[in-house]
Each structure stands twice: as C-alpha cells, then as structure tokens.
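*Asks:*
In our numbering, the protein residues as written are 1 to 569.
#1: Grouping DSSP H, G and I as helix and E and B as strand, with all else coil, what is residue 484?
#2: Beta strand (DSSP E) containing residue 461: first to last residue?
#3: Pull up the distance between the alpha-carbon of residue 256 and that of residue 223, whole angstroms please.
#4: For residue 404, is the classification buried or exposed, using 16 other Cβ atoms within 10 angstroms of its Cβ as the cut-off for buried?
#5: Going by DSSP in three states, residue 526 sits in which element: helix, strand or coil?
#6: Measuring straight from C-alpha to C-alpha, what distance separates residue 542 and residue 269?
#7: Regarding residue 412 and the ligand HEM, is the C-beta to nearest heavy atom distance less than 7 Å?
#8: Three-state secondary structure (DSSP) at residue 474?
#9: Under 8 Å, do residue 32 and residue 5 count as touching if we go by C-beta distance?
#10: With DSSP as the reference, label residue 215 as helix, strand or coil.
#11: What residue from 92, 288, 334 and 416 has the CA that sits closest to residue 459's CA?
#12: Please report the Cβ distance between residue 477 and residue 399, rounded to the nearest whole angstrom; I am assuming they are in contact, meaning their Cβ atoms lie under 8 Å.
#13: For residue 223 and chain B, any beta-carbon pair shorter than 8 Å?
#14: On the premise that residue 340 lies in contact with residue 511, defined as a C-beta separation below 8 Å, what is that separation, rounded to the nearest angstrom?
#15: So, for residue 176: in the same chain, excluding its five sequence neighbours on each side, which residues have a beta-carbon less than 8 Å away from its beta-carbon?
#16: Inspect the beta-carbon positions of residue 126 and residue 100 and report whether they are closer than 8 Å.
#17: What first and last residue would you give for the alpha helix (DSSP H) that runs through residue 149?
#18: Any chance the segment 10–23 sits against the segment 52–69, with 3 or more Cβ pairs inside 8 Å?
#19: In chain order, what residues of the same chain lie with their CB nearer than 8 Å to the CB of residue 401, ignoring the 5 residues before and after it?
#20: What span of residues does the alpha helix (DSSP H) with residue 502 cover, start to end?
#21: Going by C-alpha to C-alpha distance, which of 281, 261, 79 and 29 sits closest to residue 273?
#22: State the beta-bridge partners of residue 322 as determined by DSSP.
#23: With DSSP run on the structure shown, which of helix, strand or coil describes residue 221?
#24: Applying the 10 Å Cβ sphere with the 16-neighbour rule, what's the burial state of residue 69?
#25: From 436, 419, 474 and 472, pick the residue whose C-alpha is nearest to that of residue 454; which is it?
#26: So does the segment 190–200 actually touch the segment 158–168, counting three or more Cβ pairs closer than 8 Å?
#27: Specify, as a first and last residue, the run of the alpha helix (DSSP H) that residue 82 falls within.
#28: Mapping the DSSP letters down to three states, classify residue 348 as helix, strand or coil.
#29: Quick one: what's residue 227 bridged to in DSSP?
#30: If the criterion is Cβ atoms closer than 8 Å, does the pair residue 51 and residue 330 meet it?
#31: So, using beta-carbon positions, are residue 435 and residue 47 closer together than 8 Å?
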C-alpha cells in the first residue's frame with residue numbers, strides 16, 4: 001500500500017486580514033505517486049490549499065491555523081519554507097516571476113548552485129533535465145525571450161532538478177496556446193510515469209487536463225472540499241455544474257441527448273468511451289436542432305493595409321504585410337500559437353509601437369496620425385498580464401482612474417465604477433487592496449478599468465485566462481451586451497470554446513501573417529489549419545467523428561447554439 005505523502009487533518013486557516021476562514025475543516029490524504037487535479041471557482045480556496053502544501057502558509061502568509069498538515073514526515077507549522085522546498089517544487093502560473101538565471105542553463109542550475117554541486121556534475125544534470133523538457137537547444141537563450149510554453153518548461157526543469165517528491169502546478173495552461181497546452185499535459189504525464197513523483201495540478205481548464213489520466217479530482221468551493229472522486233465518477237454526477245465549473249463539452253452533449261452516463265464506460269477518456277446505441281441517441285437529438293447563422297456587421301470601423309513591423313532591423317517581421325478590416329459591432333477572435341504576432345498586432349493598433357510600413361484608417365480618417373491618447377479614446381486595450389496595467393493600491397481607485405483623469409464628476413465615477421465591479425464579480429472586494437487578489441481577480445480589475453471608459457472598440461488579450469466558468473460567463477455576457485450596443489470586441493485568445501461560442505469571425509495568425517479569416521467552426525474543423533497554427537480541435541468535433549456522426553461540423557455548430565440558449569435561460 002502506498003504511503004500518505006500529504007495529510008490535512010481537520011485543517012482550518014484564516015488570514016489575519018480576513019474576517020472569515022478561507023479554508024474550513026479540510027480532511028484529505030494524498031498518497032505517494034498520485035496525480036491529482038484540483039478545481040474550483042475563483043476564491044474557492046484551492047490556491048490557499050496549495051500554499052499550505054508548499055509552505056508559503058504560514059511562512060510568508062500568516063494567519064490563524066487550526067488542525068494539522070503533514071508533508072512527508074514534516075508538520076507544516078514546525079517546518080521552515082527552506083526545509084519544505086526539498087519536498088515540494090512549485091511551478092507558478094506567472095513563469096516570468098520565477099526566473100532567476102540570465103540564461104536557461106543558469107536558471108535550471110540554480111538549485112544545484114545553492115547546494116554547491118561540482119560544475120561537471122551540474123552541467124550533466126542541467127543537460128539531462130533540459131533534454132527531458134526538450135529545451136536542449138535553448139540553454140544559452142534568455143528565459144524571457146522564449147514562448148509561453150518554453151518558459152514553463154524552463155520552470156519545470158528548474159524544479160525537477162531538485163528531485164522534490166511533490167510537484168505542484170499552479171494553472172499551468174493559463175497562458176499557453178492550445179497545442180502548447182496539450183504538450184504541457186503530455187510532459188507532466190510523462191514526468192509522472194518516469195519519476196513516480198506525486199503531482200498536483202490546479203487548473204480551471206478541466207477538460208484540457210483530463211486529456212491525460214489523473215487518479216482523482218478534488219473539487220473546492222467556499223473553502224471546503226465538496227468532492228474527491230475519480231474523473232469518471234465526477235463526470236457522471238452534476239457536481240461540476242452545481243459548483244459553476246465547466247464540464248467537458250462532449251459530456252454536456254450526451255446529457256442533452258438523454259444518454260445515461262452511468263452506463264458509459266471510460267467517460268473521461270473521449271477516445272475510449274463506450275455505451276450502447278450512443279450514435280443513434282446523438283443523431284436523434286441532433287435532428288431536433290436547427291439554428292440560423294448570424295450575419296456579420298459590414299460597416300467598416302478600422303482598416304489595416306499592408307501593416308508590417310519588426311523590433312530590430314535584422315529580425316524577422318513580427319507583422320508581415322497584415323491587411324484586415326474590423327467592422328463596427330462585431331465580435332472577433334484572434335488565434336494562433338504563442339509568438340505568432342497577435343499581441344504585436346494589438347500594440348500597433350493602439351499606437352504602443354509604430355509600424356514601419358502600411359496604413360490604418362478609423363472610419364475613413366488616417367489612424368496613423370492619431371496620438372496614443374486619441375487612439376485610447378477609440379480603442380481600449382486589456383493586457384494579458386494584469387500586473388503590467390495596475391498602478392493604484394486599491395481596487396476601486398484602479399477602476400476609477402481613467403474616469404478621474406478625464407475629469408468625470410465624482411458621483412458619476414462612483415456609479416459607473418460600481419456597475420462595472422458588479423458585472424466583473426468584484427463589487428464585494430471594492431475596498432480591498434489589489435495585492436490581496438489572485439491573478440484571475442487582478443485580471444478582472446484590469447478589464448473593469450477599461451470597460452468603465454466606454455470605448456468604441458475593445459481589444460482583450462486573453463480575457464478569460466485564470467477565470468472560473470461563472471465569472472467567465474458573466475464577463476462574456478457583459479461583453480456581448482456592449483457588443484449589442486455597437487461596440488466592437490476583439491479577443492486574442494487561446495480558449496477555443498470562447499472563440500466558438502462568442503465570435504462571429506476568427507482571424508488566424510501565423511508567423512506575422514493572417515493565414516485565415518473565416519468562421520470559428522471553419523477554423524477548428526480544418527485539421528491542416530489547426531496543426532499549422534498550434535490550435536486544438538474541439539472535443540465536440542472529435543466526439544462526433546469518433547462515434548461516426550455524418551455531419552460533425554453541423555453538430556458542433558448546433559451544440560454551441562443550443563448550449564448558449566440553455567445556459568442563458
């Protein structure tokens with residue numbers, strides 16, 4: 001029998017700054033060699049749970065503790081952060097905040113340098129782990145110059161080299177393109193098999209993590225464990241939906257079609273699942289569905305012609321003769337792998353960088369002649385990393401800043417800020433310091449600070465990264481309301497379902513060029529395009545093909561429309 005490695009015994013924790021405990025009476029045991037997925041809405045306590053495992057609580061974040069936590073043979077309250085670091089390695093969501101070395105090799109070697117490992121042995125270890133995470137060709141590169149997926153691999157190698165028996169991943173998929181996300185899950189699975197390390201993954205994208213097997217899924221809400229089940233048992237219940245967590249889309253489709261999930265074998269493994277008459281039941285349900293396609297607006301708002309940009313003269317073009325028109329009142333997704341040029345395109349539109357070639361026009365006017373301030377009155381930009389946008393200490397003050405600088409009256413400022421905070425799920429935190437928020441909550445603050453200004457066009461870089469399904473839905477519903485009022489919404493996203501559900505149009509960027517401008521379903525049912533742009537075929541389309549549906553493309557479109565209708569009701 002495997003030995004217990006992490007044990008929580010009637011554990012309650014309350015931060016000194018909070019009036020109520022964040023964790024309530026946690027009783028759970030994680031065994032040696034297990035691979036555990038931890039899910040829950042934002043603020044459910046899962047990050048606090050993780051910080052109790054890696055020792056940040058109580059060593060960095062103090063509070064009142066009741067009960068006990070044992071990591072290996074160490075009691076949490078009697079062990080230093082340094083001593084716990086030998087047992088638990090943590091890969092942070094924000095990998096940039098974890099880098100120490102000037103090169104990839106230096107960063108991987110950091111733990112060994114601290115232990116004064118001889119240079120020759122250190123080099124061999126660095127080469128071994130760099131090869132394990134497929135970074136052997138990047139050892140002399142700066143970590144900051146790598147793609148999101150590569151940065152994460154650097155962090156993983158730096159943790160693995162220390163041979164910690166427990167690996168903790170904090171939202172490893174949040175900033176990765178779909179293909180890089182799949183590769184990350186493959187790599188974590190491979191490491192688990194080779195090293196038999198105990199692995200804990202905290203992630204909102206449950207379906208993407210279940211792409212490879214896990215032993216258990218622990219569900220948190222309101223500081224309590226509401227479920228601790230195998231993936232199959234969890235998916236056969238309604239627990240995920242009751243807790244506001246999105247279940248895999250093919251599971252939802254089967255529920256809509258009246259399939260008895262208790263009869264389904266290997267439900268969590270889409271390529272292995274089996275149940276009697278599945279195809280017939282899905283076909284019967286599909287015949288009842290028919291939705292008219294929405295027509296896209298055609299009034300030109302912003303037009304780019306042959307726009308090119310390169311950071312230095314001898315570098316490749318990050319934007320290579322990009323020509324595209326954004327229309328008033330449409331919702332557009334921009335997709336593609338990390339480093340394809342998506343964020344650079346948005347920076348060129350906002351005037352943060354000046355394109356070296358090409359023209360831009362706004363409703364017929366020469367947009368190249370607009371200053372950054374003049375562009376900001378037309379186009380709001382929400383950056384991917386919220387820490388790069390925040391300049392105030394308090395949430396209310398940050399969201400109100402733009403209105404204050406514009407000289408809006410205090411009464412109107414309060415009214416508009418409070419309305420946006422409610423929509424973004426931040427109203428109850430309005431008087432909190434921003435430093436007390438999670439990454440996902442900070443993201444909502446930055447979105448709120450732009451939404452409150454009522455721009456004609458909003459560009460959002462990864463708007464739903466780190467968001468639970470409840471806040472994701474609230475945010476997107478609010479953006480849709482704005483869109484219905486004529487605001488153009490442009491979303492740079494790695495979330496393929498967001499693109500399918502909310503966009504009328506998708507732009508696929510590859511090596512600085514727009515290689516496709518079509519409907520979202522056309523993108524995700526084109527295998528060549530999916531592969532080239534590092535995207536991921538939706539599980540709905542995969543499911544429809546696997547069970548032999550005649551029109552998997554139509555099935556995908558109709559499911560999206562039906563699911564939206566059900567949830568909006």
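Note that beta-carbon positions come from the ideal geometry of N, C-alpha and C, so glycine has one too.
Note that the structure is predicted; figures quoted are calculated from it, not measured.
*Replies:* Working from what's here:
#1: DSSP places residue 484 in the helix class (H, G or I) of the three-state scheme.
#2: That run of the beta strand (DSSP E) goes 457–461.
#3: If you take the alpha carbons of residue 256 and residue 223, they lie about 31 Å apart.
#4: Exposed is the call here.
#5: Residue 526 falls in the coil class under three-state DSSP.
#6: Spanning the alpha carbons of residue 542 and residue 269 requires a straight line of approximately 12 Å.
#7: Of the ligands one can find in the structure shown there are none, so the ligand HEM has no counterpart to examine.
#8: Of the three classes helix, strand and coil, the one that applies to residue 474 here is helix, per DSSP.
#9: The Cβ atoms of residue 32 and residue 5 lie closer than 8 Å to each other.
#10: Correct three-state label for residue 215: coil.
#11: When each option's Cα is compared against that of residue 459, the closest is 334.
#12: Between residue 477 and residue 399 a beta carbon distance of about 19 Å is seen, past the 8 Å cut, so the two are scored as non-contacting.
#13: As a matter of chain content, chain B is missing from the structure shown, which is built from one protein chain.
#14: Sure, about 7 Å apart at Cβ, within 8 Å.
#15: So the qualifying residues of the chain are 148, 149, 152, 184, 338 and 494.
#16: For residue 126 and residue 100, no; Cβs fall outside 8 Å.
#17: That run of the alpha helix (DSSP H) goes 148–160.
#18: The segment 10–23, when compared against the segment 52–69, does touch it at the 8 Å Cβ threshold.
#19: If we look at residue 401 and ignore the five residues flanking it on each side, its Cβ neighbours are 391, 392 and 449.
#20: It spans 496–502 - the alpha helix (DSSP H) in which residue 502 sits, taken as one unbroken run.
#21: The shortest Cα separation from residue 273 among 281, 261, 79 and 29 belongs to 261.
#22: In DSSP, residue 322 forms a bridge with 307.
#23: Residue 221 falls in the strand class under three-state DSSP.
#24: By the 16-neighbour rule on beta-carbons within 10 angstroms, residue 69 is buried.
#25: Checked all of 436, 419, 474 and 472; the closest Cα to residue 454 is 419.
#26: Result yes; three or more Cβ-Cβ pairs closer than 8 Å.
#27: Secondary structure note for residue 82: its alpha helix (DSSP H) is the uninterrupted segment 81–84.
#28: Look at residue 348 here: in three-state DSSP terms it is helix.
#29: Note: residue 227 sits in a beta bridge opposite 219.
#30: Result no, Cβ atoms of residue 51 and residue 330 do not sit closer than 8 Å.
#31: Contact: no.
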